[in-house]
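Below is one structure; the comments refer to it alone.
Number of protein chains: 2
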Amino acid sequence: MMRTRFQGVARLVRHKALYRSPCLLPRVQLASAFGSSTESLVARFCPEKTDLKDYALPNASWCPDMLNLYQEFLEKTKSGGWIKLPSFKSNRDHIQGLKLPFGLETASDKQDWRLFTRSIQLEGQGYEYVIFFHPSEKKSVCLFQPGPYLEGAPGFAHGGSLAALMDETYSKTAYLAGEGLFTLSLNIKFKNLIPVGSLAVLDIQVEKIEDQKLYMSCIAQSRDKQTVYAKSSGVFLQLQLEEKQSQEQ
Amino acid sequence: MMRTRFQGVARLVRHKALYRSPCLLPRVQLASAFGSSTESLVARFCPEKTDLKDYALPNASWCPDMLNLYQEFLEKTKSGGWIKLPSFKSNRDHIQGLKLPFGLETASDKQDWRLFTRSIQLEGQGYEYVIFFHPSEKKSVCLFQPGPYLEGAPGFAHGGSLAALMDETYSKTAYLAGEGLFTLSLNIKFKNLIPVGSLAVLDIQVEKIEDQKLYMSCIAQSRDKQTVYAKSSGVFLQLQLEEKQSQEQ
Numbered sequence: 001m002m003r004t005r006f007q008g009v010a011r012l013v014r015h016k017a018l019y020r021s022p023c024l025l026p027r028v029q030l031a032s033a034f035g036s037s038t039e040s041l042v043a044r045f046c047p048e049k050t051d052l053k054d055y056a057l058p059n060a061s062w063c064p065d066m067l068n069l070y071q072e073f074l075e076k077t078k079s080g081g082w083i084k085l086p087s088f089k090s091n092r093d094h095i096q097g098l099k100l101p102f103g104l105e106t107a108s109d110k111q112d113w114r115l116f117t118r119s120i121q122l123e124g125q126g127y128e129y130v131i132f133f134h135p136s137e138k139k140s141v142c143l144f145q146p147g148p149y150l151e152g153a154p155g156f157a158h159g160g161s162l163a164a165l166m167d168e169t170y171s172k173t174a175y176l177a178g179e180g181l182f183t184l185s186l187n188i189k190f191k192n193l194i195p196v197g198s199l200a201v202l203d204i205q206v207e208k209i210e211d212q213k214l215y216m217s218c219i220a221q222s223r224d225k226q227t228v229y230a231k232s233s234g235v236f237l238q239l240q241l242e243e244k245q246s247q248e249q
Numbered sequence: 001m002m003r004t005r006f007q008g009v010a011r012l013v014r015h016k017a018l019y020r021s022p023c024l025l026p027r028v029q030l031a032s033a034f035g036s037s038t039e040s041l042v043a044r045f046c047p048e049k050t051d052l053k054d055y056a057l058p059n060a061s062w063c064p065d066m067l068n069l070y071q072e073f074l075e076k077t078k079s080g081g082w083i084k085l086p087s088f089k090s091n092r093d094h095i096q097g098l099k100l101p102f103g104l105e106t107a108s109d110k111q112d113w114r115l116f117t118r119s120i121q122l123e124g125q126g127y128e129y130v131i132f133f134h135p136s137e138k139k140s141v142c143l144f145q146p147g148p149y150l151e152g153a154p155g156f157a158h159g160g161s162l163a164a165l166m167d168e169t170y171s172k173t174a175y176l177a178g179e180g181l182f183t184l185s186l187n188i189k190f191k192n193l194i195p196v197g198s199l200a201v202l203d204i205q206v207e208k209i210e211d212q213k214l215y216m217s218c219i220a221q222s223r224d225k226q227t228v229y230a231k232s233s234g235v236f237l238q239l240q241l242e243e244k245q246s247q248e249q
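Protein sequence lines correspond, in order, to chains X and D. Residue numbers for the first sequence follow UniProt numbering, beginning at 1 and rising by one. Residue numbers for the second sequence follow UniProt numbering, beginning at 1 and rising by one.
Here's what the structure looks like:
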């Protein structure tokens, strides 16, 4: 039952029936849908004070290229424009006090839930990445260093590990740029393999927001832009997160 | 240098220059390219006797749906047709004695290399999956149960975790069905979220092999086929693995 609801939402949007059938979507406030400012989304998503561990910080495994480019972007955050996104263990930590719409409610048990791209916690072995977001230009940069646990062809990152990180960077960008919540499609063309331990830079741009969908593009390449690893496009569905009722908090 | 070679290969294939420029591809035996039978590929890929741990075996975390369908397919392997693929920790284990063409040689250090989709080794927490392959019909079935380390939206598998497993299942199918080695493209349409801990069944079919490329399709759905999770297509480049020289073995 639960799993049919996203399908229902997607179908409704596709058939433009969303606005005609409010009875099917009882909790959505259509009048204010997608009215949250990027600033308020960022403020909630990137709390200034938190006890949560931020996994998007340098560690001893980062290669010099990754560390240097991280410092460059960190400088850019001081003069405004760019924001460094924190990266917590689970999306649950990012959206505290909010819940998914349409009854996509989740078990509240004590399982060790982990965001897929933060599931390997040994420094340097799995995903090392950090995302910088530019609110006014609706674009992101993700610095990515794959570790040996992300192997596909011997010595190189698995294509699926890059696909997953593209999806993840799209998802954070889509949420902050326009309350994009669910991936509708992901199309990737692979050009070159990424050697394990080296840096790949993902440049993501929101191309347009139309019919409750965010259309984005991404190019993943070496720092010097001489080697393109992959190009992709992604489409996300806009859905507004809801405030939790006080008794649920 | 290393990373430009795959690009070179892809470009060569695209421009049909592969056969005109043997000097660029010194180690490829064009006369026998893609001449390996599926039987010989399977025999090498699925050794009858090995000390390597097979991660595609049932464990206590498997849900009843996953276990039942696994048993059904295991029965089908006895009457011929289907083959259960073993799943080792690294692709290095599958291709022992072989190496990648075009100088895509890899570090031989003692790092703990892990295939991305086998990197989380705690039972039930990450990927649980098993692939069955049907050589004569060039199709595969992958039984997939995502654990809580594969989370995206709270309580559901990350879209990227499904994308990565599609790529992985495509890659094993492409290799055994026709020496497909590298993902050229991956296009996914997501329809529904997969609840963590439940079973998704991926049906993969080789649609055609043309111009050194394998074209494949996949549908991921619930066991009863009432819920489609995603549909995708994938294109892989054919490249022949080379025998290692004896001094390299």
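Here a beta-carbon is modelled for each residue, glycine too, at the ideal position from N, C-alpha and C. Since we're looking at a predicted model, the values are computed, not measured.
CA-to-CA, the gap between Ser185 of chain D and Gln245 of chain X works out to about 44 Å. With a threshold of 8 Å between beta carbons, Gly160 of chain D makes contact with chain X. Per DSSP, the unbroken alpha helix (DSSP H) holding Ser171 of chain X starts and ends at 159-178. Counting other Cβ atoms within 10 Å of its Cβ, Ala174 of chain X reaches 16 or more and is therefore classed as buried. Contact between Lys208 of chain D and Gln238 of chain D fails: their C-beta atoms lie close to 12 Å from each other, not under 8 Å. Taking CB atoms only, Glu123 of chain D has no neighbour in chain X less than 8 Å away.
Taking 8 Å as the cut-off, the Cβ atoms of Phe73 of chain X and Trp82 of chain X count as close. Between Tyr55 of chain D and the set D:Pro195, D:Leu100, D:Leu85, D:Asp167, the nearest pair of CA atoms involves D:Leu85. Interface with chain X (8 Å Cβ-Cβ cutoff): Ala153 of chain D is included.
Remark: C-beta atoms of Glu128 of chain D and Met66 of chain D approach each other more closely than 8 Å. Beta-bridge partners of Lys231 of chain X (DSSP): X:Lys189, X:Ile219. Asn59 of chain X and Glu123 of chain X have their C-alpha atoms roughly 7 Å apart. Around the beta carbon of Cys218 of chain D, a 10 Å sphere encloses 16 or more other beta carbons of the protein chains shown; the residue is thus reported as buried. Exposure of Ser79 of chain X is indicated by the presence of fewer than 16 other C-beta atoms within 10 angstroms of its C-beta. For Ser90 of chain D, the neighbours in chain X by C-beta distance under 8 Å run, in chain order, Glu151, Pro154. About 7 Å separates the beta carbon of Ala164 of chain X from that of His158 of chain D, a gap short enough to meet the 8 Å contact definition. Against Glu75 of chain D, chain X offers no close residue; the least beta-carbon distance is about 28 Å (beta-carbon pairs closer than 7 Å).
Contact residues of the segment 165-187 of chain X toward chain D are Leu165, Met166, Asp167, Glu168, Ser171, Leu181, Phe182, Thr183, Leu184, Ser185, Leu186, Asn187 (C-beta to C-beta distance below 8 Å). Counting along the chain, no beta strand (DSSP E) covers Ser136 of chain D, and no H or E run does either. Residue pairing for Gln212 of chain X: DSSP places it in no beta bridge.
Selection D:Gln240, D:Ser40, D:Ser198, D:Phe236 evaluated against Tyr229 of chain D yields D:Ser198 as nearest (Cα-Cα). In this chain, the alpha helix (DSSP H) harbouring Ala43 of chain X covers 38-45. Counting the other CB atoms within 10 Å of its CB gives Lys53 of chain X a total below 16, which places it among the exposed residues.
Think of a sphere of 7 Å around the beta carbon of Arg114 of chain D: the chain X residues whose beta carbon falls inside it are Pro148, Tyr149, Glu151, in chain order. When secondary structure is reduced to three states using DSSP, Leu100 of chain D falls in the coil class, being assigned neither helix nor strand.
By DSSP's assignment, Ala200 of chain D forms a beta bridge with D:Phe144.
In this structure, the straight-line span from the alpha carbon of Leu193 of chain D to that of Tyr149 of chain D is close to 15 Å. Spatial neighbours of Thr77 of chain D in its own chain (CB-CB distance under 8 Å, excluding positions within 5 residues in sequence) are listed in chain order as Ile83, Lys84, Phe132. In the three-state scheme derived from DSSP, where H, G and I count as helix and E and B as strand, Phe88 of chain D is classed as coil. DSSP, read as helix, strand or coil, puts Pro64 of chain X in helix.
With contacts defined by Cβ atoms closer than 8 Å, Lys225 of chain D and Ala177 of chain D do not form a contacting pair. In this structure, X:Ile95 is the residue among X:Cys63, X:Ile95, X:Tyr70 with its C-alpha nearest to the C-alpha of Cys46 of chain X.
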